[in-house]
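The structure appears below as C-alpha cells.
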Amino acid sequence: MSKVNLGSLFELTSVRFRLLFREPEAVFWIFVFPILLAAGLGIAFRNRPPDVLPVAATTPQLTSALAADKGLNASTMDERAGTHALATGTILLLAVPEAGGVSYHYDDTNPDARTARLLADRDLQAAAGQREAVHANILLIHETGSRYIDFVVPGLLGMNLMGSAIWGLGFAIVEARQKKLLKRLVASPMPRWQYLASFLLSRLIMLIIEIVFFLGFARVAFGVPFRGSLWQLGFLCVLTSMAFSSLGLLVSSRARTMEAASGLMNLVMLPMWILSGVFFSASRFPAIIQPFVRALPLTAANEAFRANMLQGVGLDHLMLPVITLLAWLVVPFVVALRIFRWR
Amino acid sequence: MESTDKHTGTLAPGRPSLLLSGLRKAFSDVQAVDGLDLEVLQGECFGLLGPNGAGKTTTIEICEGLTDPDEGKVELLGLSWTTGAAELRQRIGIQLQETQFPDKLTVEETIRLFRSFFHRGISVEESIRTAQLEEKRNSRVGGLSGGQKQRLAMACALVGDPELLFLDEPTTGLDPQARRHLWDLVDELKQAGRTIILTTHYMDEAERLCDRVAIMDHGKVIALGTPQQLIASIGGEDIVEFAVSQGPHDSTRGVVDPATLTSIPGVQSHRVDAALHQLSVSELHTTVPHIFAALSAEGLHLSEFRTHSATLEDVFVRLTGRNLRDE
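Those protein sequence lines, which keep their order, are chains A and B. The first sequence runs 2 to 344 under my numbering. The second sequence runs 8 to 334 under my numbering.
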C-alpha cells in the first residue's frame, strides 16, 4: 500500500474550499469582519487637530483671559452651575477668583483636565504680566508608523490569523465528528493524515487571500507602513497560521459536541485577546505575569509582525518569537495526533 | 508482499467471506457481544436480526474494523484487521447508521470524494446510476429526502466495487415506499453476486432480503438458518390469534385452559399476550375447526380471530418470550 494517492488529498482539500465558500457567514468573519474592524478603529483613532478643551470661569474677566487661548473654549457660569458642569463632564476646569488670586477646580486624574489647568494657568499668568523666561520654538511632526492605526493593524492581523485557524479547523472537525462523518471517513480507505493535511493546505491557500486582502486594505486606506521584508512577513504569517491551526487541532481533538468545542475555543482565545497586545501593548501588564504573556503564541506573533512592519526588523532579530511560534506548532500537533478521537 | 493465498485479490474457493469466532465485547457494564461465532459464505446475503441493544451494531462495527473486540477472532476475505487493514479497507464497502454527509456538498461531489479514496472501483457515474440518484446529481445533500440520503450512503459504500458490503440498518426511519426502493437496490447487488451483511430489526426486511439470518439477543446468536428453516423450527407454519369472551353480548373476558388448546391435534404451542391467545399451528385447515369446537364446548364466544403465516417475528417471540420491539 505504498502507493500514495494524492488525488484524495486534492479532493479533500477542494471539499474544504467548497464548504467554506458555501457558508456565507464564514466568508464574512474571515474576510469582511477584519476589514470592518480596521476601518472602524482607523476612523475612531484617526489623527485629529488637537482637541479644544472646554473650561469655565465665574467672572467675565477671567473668561476673556481664558478665551484668548486657541486650545481652550471658555464660558462664564456661576459657581453652582460650574460645579454641576464639572461633575457631568461638560467642562474640564472651573476657575474661581479668590482674594489675591484664583483657584482651579478640576480632576487631576483626567489627563485632559490636567492639560486644561496648565493652559489656563499659563494664560492667566501671562494676562497678569508674566513673561516667558526661555524662548521655545515649536516644530510639529505627524509621522506614519507612530499612529494608533499603525499599531493596531499588525495586532488585528495576528488576531485574525488566530480566529480563522482555530474556528476554521475546530468547528469543521467537531461538526464532522458529531455528524458521524469522521467515523464514516475512517471506515473508508482514506489516509487519516490526508484528512488533517487537507485542513492545513486549505488554510495555507486561504491565508494568502486573507492577508493580501487585509494588509492591502490597511495599506491603501490608512497608508500603514511595511518597512521589513515582505517575504519575511509572509513567512511569519504562515508560521503563525500553522501554529494556530495546530492549536485548533488540539482544541478539537476530543470534543464531541459543537457546544463543548465552542467553549474550549473561547477558553483558549480569550486570554490572548486580552493579554497578547492586539489593541494595546502587552507590556502594560504587571511584570509578574509577563513571562506568561510572552509565552502566548499571539503575543509572539504580534510582536514579530510589529517589528517587521513598523521597524523593519529582520528575522535574525526575531528568533525568540519565531521559536515560540514553532514550539506552539509542534507541541500541540504531536499531542493532538496522539489523543485525536476519530469516531 | 508475497502473493500467498492470504494476500491474493481473490478468496480461495470455499473459504468464508467473513469468519467470527468467540467474539466478545463489553462496554463498561454491558456485555454487548457475548461469545459470537459466525460464518458468512461468498455471495451470500446474511442478516443480523434482533431488537435494539441486541449487539448487532457492535458486531458489525467489529467486522468493519471500527471497534476492537475484547476477545475472539475476526477474519474477512481471508485477512485480519491487525495485518491486512489497508487492503481490507480497499476491498469492503460500508454504510453506517446515521452518517450525515455535509449538507452543502452535492451528491456528485460527495461520491467523487469517496471514490478518490479507492485505488480501483466503479465510476462516479455508475455509482450514481446504481443508486438511482441521476436526477439529484447536482442537488445539495441537505435537500435530499431520507430515502435519497440512504441511497447516497449506499452509493458511497459501492464506489470501491467492494467484495464484501456491510449495511447497518439501511432502512431504519424510512417510509414504506423508500424502504421498498432500497430493497430493490439490495436485490440488484445480490444478483451481481456481492456478499452482503446487513443488520435490521425489521423481520420482514430480513425475510425479504436475506439468504441466511442470525437472530441475536443479549449479544448472542439464539437462532441461525435460512428464514424458512427458522420459521419451520417453531413447529407450525401458521399462527392463530384469538380472544374470547363469556358471550356475544358479554364482554367479560373468557378463561381458557391452555391444556384444552394444546391437546388439539395440530396445535404446536400456546401463549397468551395481553388476553390474546397465540397458537402455532401446523395443519391450519383441519386444526381451525377443532379450535372452534373446543371453544364452543367451553361455552365461550370468540371476540377476535385471525390467522397469518408464521414469520421471523413469531420465531423471535417463541425463542425469547418477548416481542421484537418490546424494548
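Just so you know, even glycine gets a beta-carbon here, dropped at the ideal spot from N, CA and C.
List the residues of chain B that residue i touches, going by C-beta distances under 7 Å, in chain order.
{"i": "G171 of chain A", "result": "Residues of chain B passing the Cβ test: none, with the nearest at roughly 16 Å."}
{"i": "E12 of chain A", "result": "R119, L120, S123"}
Quick check on the burial criterion: 16 or more other C-beta atoms within 10 angstroms. Buried or exposed for residue i?
{"i": "M320 of chain A", "result": "exposed"}
{"i": "K63 of chain B", "result": "buried"}
{"i": "Q62 of chain A", "result": "exposed"}
{"i": "I289 of chain A", "result": "exposed"}
{"i": "P255 of chain B", "result": "exposed"}
{"i": "A134 of chain A", "result": "exposed"}
{"i": "T90 of chain B", "result": "exposed"}
{"i": "K184 of chain A", "result": "buried"}
{"i": "W168 of chain A", "result": "buried"}
{"i": "A188 of chain A", "result": "buried"}
{"i": "S277 of chain A", "result": "buried"}
{"i": "E142 of chain B", "result": "exposed"}
{"i": "R186 of chain B", "result": "buried"}
{"i": "R325 of chain B", "result": "buried"}
{"i": "A300 of chain B", "result": "exposed"}
{"i": "H208 of chain B", "result": "buried"}
{"i": "A137 of chain A", "result": "exposed"}
{"i": "A88 of chain A", "result": "exposed"}
{"i": "I174 of chain A", "result": "buried"}
{"i": "I150 of chain A", "result": "buried"}
{"i": "Q312 of chain A", "result": "exposed"}
{"i": "F334 of chain A", "result": "buried"}
State yes or no: is the beta carbon of residue i nearer than 8 Å to at least one beta carbon in chain B?
{"i": "V28 of chain A", "result": "no"}
{"i": "L197 of chain A", "result": "no"}
{"i": "G8 of chain A", "result": "yes"}
{"i": "P155 of chain A", "result": "no"}
{"i": "F341 of chain A", "result": "no"}
{"i": "M2 of chain A", "result": "Here the model assigns M2 of chain A a pLDDT of 43, short of 50, so the residue's position is not dependable and the matter cannot be decided."}
Going along chain B in order, which residues have a C-beta closer than 8 Å to the C-beta of residue i?
{"i": "P25 of chain A", "result": "The contacting residues do not exist; P25 of chain A stays about 11 Å from chain B at best."}
{"i": "R344 of chain A", "result": "L73"}
{"i": "L20 of chain A", "result": "P109, K111, L112"}
{"i": "V16 of chain A", "result": "P109, L112, E116, L120"}
{"i": "M191 of chain A", "result": "F124"}
Over the uninterrupted beta strand (DSSP E) stretch that includes residue i, give me the two end residues.
{"i": "C52 of chain B", "result": "52 to 56"}
{"i": "A75 of chain A", "result": "73 to 77"}
{"i": "K227 of chain B", "result": "227 to 232"}
{"i": "Y209 of chain B", "result": "Where Y209 of chain B is concerned, there is no enclosing beta strand (DSSP E), given that its DSSP letter is neither H nor E."}
{"i": "Q38 of chain B", "result": "37 to 47"}
{"i": "F173 of chain B", "result": "171 to 175"}
{"i": "P348 of chain A", "result": "This structure cannot settle anything about residue 348 of chain A, because the visible part of chain A is limited to 2 through 344."}
{"i": "T178 of chain B", "result": "Unbroken run through T178 of chain B: none, as it is neither H nor E."}
I need the boundaries of the alpha helix (DSSP H) containing residue i, first residue and last residue.
{"i": "D245 of chain B", "result": "Counting along the chain, D245 of chain B falls outside any alpha helix (DSSP H), though it belongs to the beta strand (DSSP E) covering 245 to 254."}
{"i": "E116 of chain B", "result": "114 to 122"}
{"i": "D194 of chain B", "result": "183 to 198"}
{"i": "G125 of chain B", "result": "Residue identity check: residue 125 of chain B is Phe in the sequence provided, not Gly. F125 of chain B -> no alpha helix (DSSP H), and no H or E assigned at all."}
{"i": "P25 of chain A", "result": "25 to 28"}
{"i": "G83 of chain A", "result": "80 to 89"}
{"i": "L170 of chain A", "result": "149 to 179"}
{"i": "V331 of chain A", "result": "320 to 340"}
{"i": "P296 of chain B", "result": "291 to 304"}
Can you list the residues of chain B that residue i reaches, using a CB-CB cut of under 9 Å?
{"i": "V225 of chain A", "result": "The contacting residues do not exist; V225 of chain A stays about 36 Å from chain B at best."}
For residue i, decide whether its Cβ has a neighbour in chain A, counting only Cβ atoms nearer than 8 Å.
{"i": "L83 of chain B", "result": "no"}
{"i": "Q157 of chain B", "result": "no"}
{"i": "Q97 of chain B", "result": "yes"}
{"i": "H256 of chain B", "result": "no"}
{"i": "T15 of chain B", "result": "Note that T15 of chain B scores 43 on pLDDT, short of 50, meaning its location in the model is unreliable and no value can be drawn from it."}
{"i": "T11 of chain B", "result": "Residue placement at T11 of chain B cannot be trusted, given a pLDDT of 40 that sits under 50; the coordinates are not used to answer."}
If residue i sits next to residue j, beta carbons under 8 Å apart, how far is it from one beta carbon to the other, in whole angstroms?
{"i": "G273 of chain B", "j": "L307 of chain B", "result": "Not a contact, Cβ separation roughly 19 Å."}
{"i": "E51 of chain B", "j": "T233 of chain B", "result": "Not a contact, Cβ separation roughly 10 Å."}
{"i": "M223 of chain B", "j": "L55 of chain B", "result": "6 Å"}
{"i": "R31 of chain B", "j": "D44 of chain B", "result": "R31 of chain B to D44 of chain B, Cβ: 11 Å. No contact."}
{"i": "L205 of chain A", "j": "V252 of chain A", "result": "Contact flag wrong, Cβ pair sits at about 19 Å."}
{"i": "L94 of chain A", "j": "A117 of chain A", "result": "4 Å"}
{"i": "N303 of chain A", "j": "G156 of chain A", "result": "5 Å"}
{"i": "A162 of chain B", "j": "S134 of chain B", "result": "5 Å"}
{"i": "S165 of chain A", "j": "L201 of chain A", "result": "Incorrect: roughly 13 Å between the Cβ atoms, too far for contact."}
Could you work out which residues of chain A lie near residue i, taking near to mean beta carbons separated by less than 8 Å?
{"i": "T106 of chain B", "result": "K180, K181, L182, K184, R185"}
Show which residues of chain A have a CB atom less than 7 Å away from the CB atom of residue i.
{"i": "L103 of chain B", "result": "K181, K184, R185, A188"}
I want to see whether chain E comes within less than 8 Å of residue i, judged by CB atoms only; does it?
{"i": "L171 of chain B", "result": "The chain inventory of the structure shown lacks chain E, comprising the protein chains A and B."}
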